[in-house]
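Student: Residue numbers (this note's numbering), protein chains in the order written: chain D, 15 to 160; chain A, 15 to 160. Note that beta-carbon positions come from the ideal geometry of N, C-alpha and C, so glycine has one too.
2 protein chains.
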Amino acid sequence: MVDVSRREARLRDAIELMYFAYRAFTAEPDRMLARYGLGRAHHRILYFIGRHPGLSVNALLGELAVTKQALHAPLRTLLEGQWVAARADARDRRIRRLQLTDTGKRLEARLTGAQMRHLEGVFSASGAQAQGAWKAVMRAMSERRR
Amino acid sequence: MVDVSRREARLRDAIELMYFAYRAFTAEPDRMLARYGLGRAHHRILYFIGRHPGLSVNALLGELAVTKQALHAPLRTLLEGQWVAARADARDRRIRRLQLTDTGKRLEARLTGAQMRHLEGVFSASGAQAQGAWKAVMRAMSERRR
DNA sequence: CTCGATACGTCAACCATCTTGACATGGTAG
DNA sequence: CTACCATGTCAAGATGGTTGACGTATCGAG
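(1) Helix, strand or coil: which one does DSSP assign to residue 107/D?
(2) Under three-state DSSP, which class holds residue 93/A?
(3) Please identify the residue among 154/D, 41/D, 142/D and 145/D whose C-alpha is closest to the C-alpha of residue 133/A.
(4) State the Cα-Cα distance for the pair residue 149/D and residue 94/A, rounded to the nearest angstrom.
(5) At the level of alpha carbons, what is the spacing between residue 100/D and residue 71/A?
(6) Just the Cα atoms here: how many angstroms apart are residue 64/A and residue 92/A?
(7) Short of 8 Å Cβ to Cβ, which residues in the region 63-81 of chain A face chain D?
(8) Using 8 Å as the Cβ pair cut-off and three pairs as the minimum, do the region 78-90 of chain A and the region 41-49 of chain A touch?
(9) Residue 113/D bridges to which residues according to DSSP?
(10) Please report the distance separating the alpha-carbon of residue 131/D from that of residue 58/D.
(11) So the alpha helix (DSSP H) residue 153/D belongs to, where does it begin and stop?
(12) Spatial neighbours of residue 18/A within its chain, please: C-beta separation below 7 Å, excluding the five flanking residues on both sides.
(13) On the DSSP bridge assignment, give the partners of residue 69/D in chain order.
(14) In chain A, what lies closer than 8 Å to residue 27/D by C-beta?
(15) Hey, is the region 112-128 of chain D in contact with the region 106-120 of chain A, meaning 3+ C-beta pairs nearer than 8 Å?
(16) Have a look at 66/D, 36/D, 89/D and 56/D and flag the residue whose alpha-carbon is nearest the alpha-carbon of residue 152/A.
(17) Can you find a CB in chain A that lies within less than 8 Å of the CB of residue 153/D?
(18) For residue 160/A, I'd like the list of residues in its chain whose CB is within less than 6 Å of its CB, leaving aside the five on either flank, ordered along the chain.
(19) According to DSSP, is residue 125/D helix, strand or coil?
(20) Within 10 Å of its beta-carbon, does residue 138/D have 16 or more other beta-carbons around it, so buried, or fewer, so exposed?
(21) Taking all protein chains shown into account, do 16 or more other C-beta atoms lie within 10 angstroms of the C-beta of residue 67/A, making it buried, or fewer, making it exposed?
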């Protein structure tokens, strides 16, 4: 009985940690984005285009797991604000290849940089071994039921 | 230079893990809640009342870090649906003490149970040591800049 | 060349969640 | 009595998402 409730208490702690850590993790980029009139949706788009330059709209939809209608409003903002550029694929001109402009790269770097500093502070206080364990756990958590 | 880009790549991986792990972690409760016409907001309320029975509306607002207007719509749903009960504090009758009803406890247990099983599966595959390291990292992440 | 499939864009209606701001009610405490 | 406190509520708006339907340009197979 005691074991059961201890186990449950540990798991409840873990649930709370997921909630609070995620909230803290997204707080600073959110503040930065607000200054440009952008939101978290724009950040995710910038992030994935930065990580995979030249990806198609379809590929981006797949990564974000949202509908194209949900994607288009923020994507259009980013295109109009010259943070993102699109040009047709050379072979199949239906496909729009998305890339960050220089302005987009700078913004993305600032946003991602804030999160990197946050994580770096955390990891450097915890040690390399802890970092590896954390990643393994997070990877397992990402992969369960997809 | 190589070190810098490796470091950045590791941190980028960590950023993605936060995003994907959180998404996977909330997916199943979201599906359950949808069957009752409830959302993630209701889940967080149920969770915190379950964890701290008898807390006041103000304390709940503090934990969730939202405005009272944002809280009230879902809280009212939970009160009307008899998942949550409120009764005035004995000494200061302005304060409403919130508790889960039996129905509320059952729902909360099912939701939280799904997340616990998810986490347990992850932790049991990673080992107790990894679990401790994960928690330390997450705690540090929660606490930075508050 | 035609035709079906593909990649993308867009209009409309709707929902959930959250915000700011203003105001109301009842209870407490000096 | 009065000021403050805990709570509730109305209103308007932003954001980010959904489903459904339709339009357009392009590609590839026959």
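Tutor: A quick look at the data gives this:
(1) Three-state DSSP puts residue 107/D in coil, outside helix and strand.
(2) In this structure, residue 93/A counts as helix in the three-state DSSP scheme.
(3) By alpha-carbon distance to residue 133/A, the top candidate from 154/D, 41/D, 142/D and 145/D is 154/D.
(4) Distance from the CA atom of residue 149/D to the CA atom of residue 94/A, rounded to whole angstroms, is 42 Å.
(5) For residue 100/D and residue 71/A, the distance between alpha carbons rounds to 49 Å.
(6) A straight-line Cα-Cα distance of about 13 Å links residue 64/A and residue 92/A.
(7) Cβ contacts with chain D come from 65 and 79.
(8) No: the two stretches stay apart, fewer than three of their Cβ pairs being nearer than 8 Å.
(9) DSSP output for residue 113/D lists 99/D as bridge partner(s).
(10) Rounded to whole angstroms, residue 131/D to residue 58/D spans 18 Å at the Cα level.
(11) Per DSSP, residue 153/D is one residue of the alpha helix (DSSP H) stretching across 142-157.
(12) Around residue 18/A: no qualifying Cβ.
(13) Beta-bridge pairing links residue 69/D to 112/D.
(14) In chain order: 149.
(15) With the cut-off at 8 Å, the region 112-128 of chain D and the region 106-120 of chain A do not touch.
(16) Its Cα nearest to that of residue 152/A, the residue 36/D stands out among 66/D, 36/D, 89/D and 56/D.
(17) Chain A contact via Cβ: present.
(18) Bear in mind that the predicted position of residue 160/A carries a pLDDT of just 41, short of 50, making it unreliable; the figure below should be weighed with that in mind. Counting only residues of its own chain and dropping the five nearest sequence neighbours on each side, residue 160/A has no CB closer than 6 Å to any other CB.
(19) Residue 125/D: helix per DSSP, three-state reduction.
(20) A residue is called buried when at least 16 other Cβ atoms come within 10 angstroms of its Cβ; residue 138/D does not meet this threshold and is exposed.
(21) Residue 67/A counts as exposed, since fewer than 16 other C-beta atoms from the protein chains shown sit within 10 angstroms of its C-beta.
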